[in-house]
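Residues in the sequence shown are numbered from 0 upward in steps of one, following numbering that gives the first Met the number 0. See structure below.
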Amino acid sequence: MDMSLTERLLKEAIPTRKMRSDNPHFQEIEKLAKEISLLKKQGYVWEQINEAVEEERREAGIWQEGWKRNNTQIHFNYIRKTCKKAKNDV
């Protein structure tokens, strides 16, 4: 008899992700969220924003080599989504 997806996965532990609040890249994007929001409203695209964030953070000595540019967008979207639910702000 074939097992359903649920039956198969019930035997496995659910992987845990590092808390976003413990993620230094997430924390940096959280600091820049309002500025990034303004840039998006002005018409800048993610490629431009991601590059600018990386360059600015490198110059400040904050950018870590393991960070990926595209995570800037992922973190920002998560922040925006959670802020809108909490206080309709960003």
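Glycine included, every Cβ here is placed at the ideal spot set by N, Cα and C. All figures in this text were calculated on a predicted structure; none of them were measured in a lab.
Terminal residues of the alpha helix (DSSP H) in which residue i lies
i	result
Ile28	Pro23 to Lys40
Glu6	Leu4 to Leu8
Secondary structure of residue i, DSSP reduced to three states
i	result
Ile78	helix
Glu64	coil
Val44	coil
Asp88	With a pLDDT of only 49 at Asp88, under 50, the local geometry of the prediction cannot be trusted, and the value read off the model is given with reservation. It is coil, neither helix nor strand.
Through-space distance from residue j to residue i, alpha-carbon basis
i	j	result
Arg68	Lys83	24 Å
Glu50	Glu6	44 Å
Gln41	Asp21	31 Å
Glu46	Arg19	23 Å
Trp66	Ile48	15 Å
Residue from the options with nearest C-alpha to residue i
i	options	result
Glu55	Ile35, Lys39 and Val44	Ile35
Quick test of the definition: if touching needs 3 or more C-beta pairs under 8 Å, does the segment 20-36 touch the segment 72-83? yes
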